[in-house]
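Enquirer: The number in my numbering is simply the position in the sequence shown, starting from 1, with 260 added.
Dumping the structure here so I can ask a few things about it.
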Amino acid sequence: MAPLPKPQASTVSAIYAAYEERNEQRDGKTIPASQIAEECGRKLWFDFRWTTPHEFINGRTLRIFETGVVEEERWIDNLRMIGCEVVSHQGDGRQIRIELCGGHVGGYLDSEILGLPEAPKTWHVGEIKSHNIKSFTALKKDGVQKSKPLHYGQMQMYMHARGRDRAIYLAVCKDNDELYAERIHYDVEYCLRMIARAERIIAAHEPPAKLHEDPEAKMAFACGWCKHKSICHYGAWPRSNCRTCLYSSPEDGGSWSCSRFSKPLSLDEQKAGCAAHLYLPSLVPGEQIDSDEVAETVTYRLTNGDIWVDGAPANDNQPKKDAA
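Right under this line is the structure:
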């Protein structure tokens, strides 16, 4: 019989719990630049449309996120130690922010750097990441574009938005403190492809095609840990908010509007939704069979054969809409 594992110390449990208690689950206003190169456009669309309940993040993972921030500060100190000029915030003290695609793609730079030994007179976008030994080994072997395509895409978006033609990827191995640096050239064709793809996702009223029809297939391993798996593959109901409503649309400037009430929507209004909410038909697990413009209802035959009228007064046979 294997020995029973030792119980976690109360002090450790309390620290993890404190991290969990202070963590605020928030919906992203934009498609993050850090995710622009995500292989699954469907995942980006689900994220952008706030379809899925927030995931619980345990205290240990939240502390790992914090470690990444600590490493950013350490890298910046190291760069200044060797004589580099490092800008990590704007004049008003806020992080340097970029916005693309009418404000619906966004992100924050770790830094911009001048005086690197490899190219002292060239400003570089600086991206700082920490890795475990397995990830770090792959990075050294294959480079950032192949081993970390999301990080590569993130740097390309930052260079594009900031008018820079060089970036430097700065990594540290958390297991042995080994450092790695790799300079990246701006690729305008890559950026234009990514931006065009993001614009299609932003404007779409239905999600892009699935990467895999069978989420249990061996090659569909990414589907196994995707938070959208239930909605994408198993007909789960999405959240009810303005971004899952057929009346809402993204507008220039990163804003959203409601055609039902002919008004712009604040972030708080988008999260709350309203009683006039009607699901985007592509999010209902069934087939649309009718609609009534006067009554403002849409009728579906659900996958289980039931008839459901979206917009009709709720009853025990109808899915309950939350306002999360």
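A virtual CB, placed ideally from N, CA and C, is assigned to each residue, including glycine.
Source: prediction; values computed, not measured.
Does the segment 444-457 come close enough to the segment 411-430 that 3 or more CB-CB pairs lie under 8 angstroms?
Expert: With the cut-off at 8 angstroms, the segment 411-430 and the segment 444-457 touch.
Enquirer: Excluding the 5 residues preceding and the 5 following G301 in the sequence, name in chain order all residues of the same chain whose CB lies nearer than 7 angstroms to its CB.
Expert: Here the set comprises R457, I461 and P468.
Enquirer: In three-state terms, what does DSSP make of A274?
Expert: Three-state DSSP puts A274 in a helix.
Enquirer: Between the C-alpha atoms of G343 and L374, what's the straight-line distance to the nearest angstrom?
Expert: The straight-line gap from Cα to Cα measures roughly 9 angstroms.
Enquirer: Buried or exposed, going by whether 16 or more other CB atoms sit within 10 Å of the CB of W485?
Expert: Burial call: exposed.
Enquirer: Under the three-state reduction of DSSP, which class applies to R499: helix, strand or coil?
Expert: The answer is coil: DSSP assigns R499 none of H, G, I, E or B.
Enquirer: Taking C-beta to C-beta, are H466 and L540 nearer than 8 angstroms?
Expert: The sequence shown places Glu at residue 466, rather than the His named in the question. Yes, they are a contact pair.
Enquirer: Whole-angstrom Cβ separation of W516 and C534, contact assumed at under 8 angstroms?
Expert: Not confirmed; about 13 angstroms, so no contact.
Enquirer: Below 8 angstroms, can you find three or more Cβ-Cβ pairs linking the segment 503-523 to the segment 344-364?
Expert: Taking 8 angstroms as the limit for Cβ pairs, the verdict is that the segment 344-364 does touch the segment 503-523.
Enquirer: For the pair the segment 278-297 and the segment 468-480, tell me if three or more CB-CB distances fall below 8 angstroms.
Expert: No, the segment 278-297 does not touch the segment 468-480.
Enquirer: In three-state terms, what does DSSP make of G328?
Expert: DSSP places G328 in helix when its eight states are reduced to three.
Enquirer: Rounded to the nearest angstrom, what separates Y560 and P475 at their Cα positions?
Expert: Straight-line Cα distance between these residues: approximately 25 angstroms.
Enquirer: Where does H411 land, buried or exposed, given buried means 16+ other C-beta within 10 angstroms?
Expert: H411 comes out buried.
Enquirer: In terms of DSSP beta bridges, what is V558 paired with?
Expert: The partner list for V558 (beta bridge, DSSP) reads S551 and D570.
Enquirer: Would V385 and L369 qualify as a contact pair, given that the criterion is a beta-carbon distance under 8 angstroms?
Expert: Cβ atoms of V385 and L369: closer than 8 angstroms.
Enquirer: Quick check on this structure: which residue in C433, G403 and V404 has the alpha carbon closest to the alpha carbon of S390?
Expert: Comparing Cα positions, the closest option is C433.
Enquirer: Determine the extent of the beta strand (DSSP E) in which P510 is found, giving its start and end residues.
Expert: Segment S508 to P510, the beta strand (DSSP E) holding P510.
Enquirer: So, using beta-carbon positions, are I491 and T312 closer together than 8 angstroms?
Expert: Contact: yes.
Enquirer: Could you tell me the boundaries of the beta strand (DSSP E) in which H384 lies?
Expert: Run containing H384: H384 to H391, per the beta strand (DSSP E) assignment.
Enquirer: Would you report the Cα separation of A477 and Y494, rounded to the nearest angstrom?
Expert: Approximately 15 angstroms between the Cα atoms of the pair.
Enquirer: Could you give the distance in angstroms between the alpha-carbon of L399 and the alpha-carbon of D352?
Expert: So the alpha carbons of these two residues sit roughly 35 angstroms apart.
Enquirer: Contact defined as beta carbons within less than 8 angstroms: I believe I317 pairs with L304. What is the distance between those atoms, to the nearest angstrom?
Expert: That pair is no contact at about 20 angstroms.
Enquirer: Taking the straight line between their C-alpha atoms, what separation do you get for Y507 and D435?
Expert: Spanning the two alpha carbons is a distance of roughly 50 angstroms.
Enquirer: Could you give the distance in angstroms between the alpha-carbon of G319 and the alpha-carbon of I549?
Expert: If I take the Cα positions, the gap works out to 46 angstroms.
Enquirer: Just grab the DSSP bridge partners of I462 for me.
Expert: According to DSSP, I462 bridges with nothing at all.
Enquirer: Return the first residue and the last residue of the beta strand (DSSP E) that L524 is part of.
Expert: What sits at residue 524 in the sequence shown is Pro, not Leu. Looking at the DSSP string, the run of the beta strand (DSSP E) that includes P524 is K523 to L525.
Enquirer: The alpha helix (DSSP H) that contains W305, what's its start and end?
Expert: Its alpha helix (DSSP H) spans residues G301 to F308.
Enquirer: Since A427 contacts E387 with CB under 8 angstroms, what's their CB separation in whole angstroms?
Expert: Yes, A427 and E387 are in contact; Cβ-Cβ is about 6 angstroms, under 8 angstroms.
Enquirer: Taking DSSP as the reference, what is the three-state secondary structure of V544?
Expert: Note: V544 maps to coil in three-state DSSP.
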